[in-house]
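In what follows, a single structure is set out as structure tokens and then discussed.
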Amino acid sequence: MKRFTLEQPALFTKEMKATHTILVPQMLPIHFAIMKSVLMDSGYRVEIIDHAGAEIAQTGLRYVHNDTCYPALLIIGQLISILQSGAYDLNHVALMIPQSGGGCRASNYIHLLRKALHKAGLEHIPVVSFNMNLGGKNGIESAPGFTLNPMLLVKLAAAMIFGDELMSLGNQVRPYEACEGETDKVLAQWIEEINTLLRRNYGYWPWQMKRLATRIAQSFAAIAIRDVQRTKVGVVGEIYVRYSSLGNNGLEEFLQKQDCECCIPGVLGYLMFSVDMRLEDIRAYGGSSLKYAGVNACLSYLAWIEGMLISAIGQTSLQPPTPYQHKRELVDGIIGHGSKMGEGWMLTAEMLELIEQGYNNIVCAQPFGCLPNHINGRGMMNRVKEVQPQANIVAVDYDPGAPRVNQENRIMLMLAGANQEVGIRQEEQQANRAELFAEALRRQQERMKQIPELLSNPFMHSLHGDNSSDG
Ligand code: SF4
172 MKRFTLEQPA LFTKEMKATH TILVPQMLPI HFAIMKSVLM DSGYRVEIID
222 HAGAEIAQTG LRYVHNDTCY PALLIIGQLI SILQSGAYDL NHVALMIPQS
272 GGGCRASNYI HLLRKALHKA GLEHIPVVSF NMNLGGKNGI ESAPGFTLNP
322 MLLVKLAAAM IFGDELMSLG NQVRPYEACE GETDKVLAQW IEEINTLLRR
372 NYGYWPWQMK RLATRIAQSF AAIAIRDVQR TKVGVVGEIY VRYSSLGNNG
422 LEEFLQKQDC ECCIPGVLGY LMFSVDMRLE DIRAYGGSSL KYAGVNACLS
472 YLAWIEGMLI SAIGQTSLQP PTPYQHKREL VDGIIGHGSK MGEGWMLTAE
522 MLELIEQGYN NIVCAQPFGC LPNHINGRGM MNRVKEVQPQ ANIVAVDYDP
572 GAPRVNQENR IMLMLAGANQ EVGIRQEEQQ ANRAELFAEA LRRQQERMKQ
622 IPELLSNPFM HSLHGDNSSD G
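What follows is the structure, encoded as structure tokens:
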């Protein structure tokens with residue numbers, strides 16, 4: 172049997188496309204449901220791993236150094252523990268994780284995962300890097316059996332856009348729905364329909380996407396809602412921890428149970444930020460003009476489909492996302508665009524975007540060992556509050572030793588502040604209503620006082636006299 176080392180790891184070959192199941196750790200349930208279908212239509216056998224439980228972090232700690240950032244620890248722990256569970260044939264399985272290509276550790280998770288596989292005696296299992304760098308440069312890997320050709324990339328981009336739209340609209344409508352479960356029903360129907368349409372090669376070109384995105388927005392806007400008040404809460408933070416319920420201990424569900432309307436910015440903004448930062452690199456450090464033109468064309472394409480999504484949602488009563496260019500401008504004078512590790516300045520921009528959209532209460536999800544997000548998230552909270560004094564932000568730490576109850580208590584404390592605000596606003600509204608009522612009463616009384624004067628008015632008398640003579 173062939174021996175695999177860290178220098179010469181097991182590769183995902185072309186033949187494995189037909190024989191191996193690729194396991195992908197769950198992060199975004201709506202997006203991944205559509206992306207999985209796109210990959211399966213391209214001939215890959217893909218399964219999304221939802222495996223949860225307290226033992227995952229412990230498995231991660233056993234196979235990864237304990238100063239590794241929490242998302243890497245969880246993802247690796249989840250994959251090793253599903254392999255050890257006996258649920259899959261270990262000779263016909265491969266793993267897939269994203270490789271960001273930036274300066275952050277997300278580019279090196281793949282090496283940590285291979286080390287963990289060696290430690291667990293599973294080094295024969297190939298690991299596939301999911302990335303946009305088709306050339307396999309800058310430490311970014313390519314596998315002979317997995318190719319993201321331009322057509323597949325366009326379809327995956329469409330899956331991501333529809334995922335963003337469904338997630339955003341679902342979150343806006345669900346807390347107010349008149350008939351419980353209606354939003355999730357519409358959402359499930361759309362996932363199925365999008366999968367069918369993409370399979371029939373419809374819905375991934377911008378003009379088709381626009382038509383489909385408009386229909387989606389209209390169907391969510393048509394869901395009957397109740398006139399109830401909800402606390403608006405935005406969620407920002409490191410990309411894995413803010414989206415993955417395994418990473419954030421079911422944060423979204425917890426907020427919904429607290430009668431909140433939750434807003435989590437979509438993936439498109441992060442993707443545009445990542446592409447834009449490649450341009451920033453070329454501008455700062457040099458690079459070929461051909462590469463610059465290629466990356467710029469990619470950013471323009473994303474801006475185009477972003478515009479399409481904004482216009483589709485903007486035709487309804489629901490709130491569309493903010494254009495990327497505006498988010499970029501929001502941080503001018505607050506944080507430099509050179510701060511680009513991890514989520515970079517985008518995290519600060521998203522807090523400002525949320526406040527602009529009325530989500531003054533913000534949970535900033537901070538994973539253990541994540542320096543970039545401690546700088547751009549927790550580190551920028553005071554500055555954000557200086558610019559937007561109504562901001563009510565709480566940073567919540569996620570790590571293997573942080574008890575869930577502590578995290579929820581911190582959020583409850585933030586919500587108590589928010590509800591106080593709502594209470595003050597309601598009192599103000601009541602006070603305003605009382606003032607208006609008093610003013611209306613005063614004017615009414617003044618009019619009443621004027622009646623005898625009016626009756627004694629000669630003009631009124633003459634009218635009265637004329638009328639009586641007529642009668
Ligand atoms: S952004 Fe933070 S959590 Fe994510 S890979 Fe980088 S250091 Fe780790």
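Numbering (this note's numbering), first residue to last: 172 to 642. Ideal placement from N, C-alpha and C gives every residue a C-beta, glycine not left out.
Does the contact criterion of 3 or more C-beta pairs under 8 Å hold for the segment 371 to 387 versus the segment 236 to 244? Contact between the segment 371 to 387 and the segment 236 to 244 is absent: fewer than three C-beta pairs spanning the two stretches fall below 8 Å.
Counted within 10 angstroms of its Cβ, other Cβ atoms place K498 as buried (16 or more) or exposed: Classification of K498: buried, given that the 10 Å Cβ count is 16 or more.
Considering only the beta carbon of each residue, do P494 and L480 sit closer than 8 Å? No. Outside cutoff.
Using only CA atoms, which one of I546, G458, G405 lies nearest to L586? The option with the nearest alpha carbon to L586 is G405.
Verify the contact flag: N262, CB atom, against every heavy atom of ligand 1, threshold strictly below 7 Å. No, since every heavy atom of ligand 1 falls outside the 7 Å radius drawn around the Cβ of N262.
Let me know if Q197 comes out buried or exposed under the rule of 16 or more other beta-carbons within 10 Å of its beta-carbon. Its Cβ being crowded by 16 or more others within 10 Å, Q197 is buried.
Name, in chain order, the residues that DSSP records as bridge partners for D568. DSSP output for D568 lists Q537 as bridge partner(s).
Kindly indicate which three-state DSSP category F183 falls into: helix, strand or coil? Assigned with DSSP and collapsed to three states, F183 falls in coil, not helix or strand.
Give every residue of the same chain whose Cβ lies closer than 8 Å to the Cβ of V502, excluding the five residues on either side of it in the sequence, and list them in chain order. Excluding positions up to five away in sequence, the list reads H508, W516, T519, A520, L523.
May I ask you to verify whether the segment 280 to 289 touches the segment 244 to 254, counting CB pairs closer than 8 Å and requiring at least 3? In the pairwise beta carbon analysis, the segment 280 to 289 is classified as touching the segment 244 to 254: at least three pairs are separated by under 8 Å.
Taking the alpha-carbon of G478 as reference, which of E348, L426, K381, R174 has the nearest alpha-carbon? Residue K381 is the option with its Cα nearest to G478.
Can you give me the start and stop residues for the beta strand (DSSP E) that S300 sits inside? Membership of S300 in the beta strand (DSSP E) is indicated by the continuous run 298 to 301.
Could you pull the DSSP bridge partners for L319 from this structure? Paired residues: none, contrary to the question.
Grouping DSSP H, G and I as helix and E and B as strand, with all else coil, what is G306? Model confidence at G306 stands at a pLDDT of 43, short of 50, so the residue's coordinates are unreliable and nothing is read from them.
Identify which residue in L426, N279, T192, Q255 has its Cα closest to the Cα of G316. Closest in alpha carbon position to G316, among L426, N279, T192, Q255, is T192.
Between which residues of its own chain and S208 is the CB-CB distance below 6 Å, once the five residues before and five after are set aside? Within the same chain, S208 has close Cβ partners N366.
Under 8 Å: do the segment 447 to 466 and the segment 338 to 357 share three or more Cβ pairs, one atom per stretch? Judged by Cβ distances under 8 Å, the segment 447 to 466 makes no contact with the segment 338 to 357, as fewer than three pairs qualify.
What does the Cβ neighbour count give for D637, buried or exposed, with the cut at 16 atoms within 10 Å? Note that D637 scores 42 on pLDDT, short of 50, meaning its location in the model is unreliable; the coordinates nonetheless yield the value given after this. When all chains shown are included, D637 counts as exposed.
Buried or exposed: G306, going by 16 or more other Cβ atoms within 10 Å of its Cβ? Caution is warranted here: a pLDDT of 43 is assigned to G306, below 50, making its placement in the model unreliable, and no coordinate value can be reported.
With a Cβ-Cβ cutoff of 8 Å, do C541 and E409 count as a contact? Yes. Within cutoff.
Does the segment 204 to 224 come close enough to the segment 355 to 369 to have 3 or more Cβ pairs within less than 8 Å? A contact exists between the segment 204 to 224 and the segment 355 to 369.
Contact under 8 Å by Cβ, I387 with L337: Between I387 and L337, the C-beta spacing is below 8 Å.
Please classify L634: is it buried, with 16 or more other beta-carbons within 10 angstroms of its beta-carbon, or exposed? Unreliable positioning characterises L634 in this predicted model, as indicated by a pLDDT of 40, which lies under 50. The coordinate reading is nonetheless provided below. The residue is exposed, with fewer than 16 neighbouring Cβ atoms inside 10 Å.
DSSP bridge partner residues for C469 (one or two, in chain order): Answer by DSSP bridge pairing: none, since C469 is not bridged.
Name the DSSP beta bridge partners of E432, please? K403.
Are the Cβ atoms of F444 and P297 separated by less than 8 Å? No, the pair does not count as a contact, with Cβ atoms beyond the cut-off.
Cβ distance (whole Å) where I526 is taken to contact Q496 below 8 Å: The pair is not a contact, with the Cβ atoms about 18 Å apart (cut-off 8 Å).
Quick one, are the C-beta atoms of R454 and A536 less than 8 Å apart? Contact: no.
Taking 8 Å as the threshold (C-beta atoms), are L293 and L254 in contact? Yes, the pair counts as a contact, with Cβ atoms nearer than the cut-off.
Burial state of V534 (16 or more Cβ within 10 Å): Burial call: buried.
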